[in-house]
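S.K.: Residue numbers (this note's numbering): 1028 to 1271. The beta-carbon is built from N, C-alpha and C at its ideal position, and this holds for glycine as well. Please read all numbers here as calculations on a predicted model, not as lab measurements.
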Amino acid sequence: MRVEPFTVGDFLHVFNRGNRKMITFRDINDKWRFLKILRFFNNEYSPSNPSRQLERNVEVRPQQLPIGEFKWPEWPKTWPPHKPLVKILSYCLRENHFHLLLKEIIKGGISKFMKKLGDGFTLYQNIKYDEVGRIFQGPYKGKTLMSDVKILQYLDAYIQVLNIFEEYPGGIEMALKEFDKAFEFALNNPFCSLGESFGKRNLRIIDRDILGKMFPSLEIYKKFAYDALLVRNIREILGKLTIE
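1) Looking at ASP1234 and LYS1104, is the spacing between their C-beta atoms short of 8 Å?
2) In terms of alpha-carbon separation, which member of LYS1250, ASN1190, TYR1156 and LEU1129 lies closest to ASP1207?
3) Starting from the N-terminal side, write out each stretch of the alpha helix (DSSP H) that is 4 residues or longer and does not extend beyond the stretch 1105-1163.
4) Could you please give me the residues that DSSP links to THR1034 through a beta bridge?
5) Go through its chain and collect everything with a Cβ distance to GLY1222's Cβ below 6 Å, but skip five positions before and after it.
6) Report the CB separation of PHE1038 from LEU1144 in whole angstroms; it is logged as a contact under 8 Å.
7) Mind checking if LEU1065 is an interface residue toward chain B, Cβ cutoff 8 Å exclusive?
8) Taking the alpha-carbon positions, what's the THR1336 to HIS1040 distance?
9) Could you check how far apart the C-beta atoms of TYR1195 and PHE1212 are, in whole angstroms? I think they sit under 8 Å.
10) What's the C-alpha gap between LYS1177 and VAL1159?
11) Is the beta carbon of LEU1238 closer than 8 Å to that of ASP1183?
12) Following the continuous beta strand (DSSP E) through GLY1239, name the residue where it begins and the one where it ends.
13) Could you give the first and the last residue of the continuous alpha helix (DSSP H) run that contains LEU1172?
14) How is ARG1053 classed by DSSP in three states: helix, strand or coil?
15) If you count every other CB in all the chains shown that lies within 10 Å of the CB of ILE1055, and 16 or more means buried, which is it?
16) Please go through the same chain and pick out, in chain order, the residues whose beta-carbon is closer than 6 Å to the beta-carbon of PHE978, but skip the five residues on each side of it.
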């Protein structure tokens, strides 16, 4: 399965695994670099060697500040004003794969953004680890959501909550038993957008779009996630929209 047809206004669940299902993010710096690419490469302007320009622009490493206090530096002054290629509604980084919930806002925006993301992260990894070849398991995969708002809500909870619950000590079974503690665990995970969705940190990566109106508060979202994971079978509801 590759990418299903979509058009401007459609939402896509985009995901990819490491090549041969190998570890994609080998250390915390790899994850921060991926987030930096999400933030700064989602832009119609494509400067030459953007990573080098960003290195000059970043003065504080993320690990040097508490999660809630860290913010990216300002947009590079030598770049034109930010014009995003896509809207990133939510994201989650796992050890050997990633999830993105994207909205196509200009024709070809998702395709261009995903190429910039894949090329940028592959170049970074190959230089860092003195390797050659691809990092990901072929081109990105994408499953389209059109007008089903309810499915969009469940997919968002799948990305931001269920995926992190699987990393909770004791796994998903323990996370469901200790839902409040596990939800806080997800909220504080810097490589999941849940905390950014509700103002716990500001990486300026996401635009919640319609989901911001559906879930105007953390309390409402938490109740929805509880219902989705503990009352209903979220994987069964989403079916083929989850990662294969």
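M.R.: So, to answer that:
1) In terms of Cβ geometry, LYS1104 and ASP1234 do not form a close pair [threshold 8 Å].
2) The shortest C-alpha to C-alpha distance from ASP1207 to any of LYS1250, ASN1190, TYR1156 and LEU1129 is the one to LYS1250.
3) Within the stretch 1105-1163, complete alpha helix (DSSP H) segments of at least 4 residues are found at 1136-1155, given in chain order.
4) Checking the DSSP bridge columns, you'll see THR1034 has no partner listed.
5) Counting only Cβ-Cβ distances below 6 Å, and skipping sequence neighbours, we find LEU1214 and ARG1228.
6) No, PHE1038 and LEU1144 are not in contact; Cβ-Cβ is about 17 Å, not under 8 Å.
7) In summary, chain B is missing from the structure at hand, where a single protein chain is found.
8) The displayed coordinates of the chain run from 1028 to 1271. Any statement about residue 1336 would go beyond what the structure contains.
9) The Cβ separation is near 6 Å, so the contact holds.
10) The straight-line gap from Cα to Cα measures roughly 42 Å.
11) A distance below 8 Å separates the beta carbons of ASP1183 and LEU1238.
12) Per DSSP, GLY1239 lies in no beta strand (DSSP E); the unbroken alpha helix (DSSP H) holding it starts and ends at 1236-1241.
13) First-last for LEU1172: 1168-1172, but that is the beta strand (DSSP E), not the alpha helix (DSSP H).
14) Note: ARG1053 maps to coil in three-state DSSP.
15) Answer is exposed; the Cβ neighbour count stays below 16.
16) The question about residue 978 has no answer here: the residues shown for the chain are numbered 1028 through 1271.
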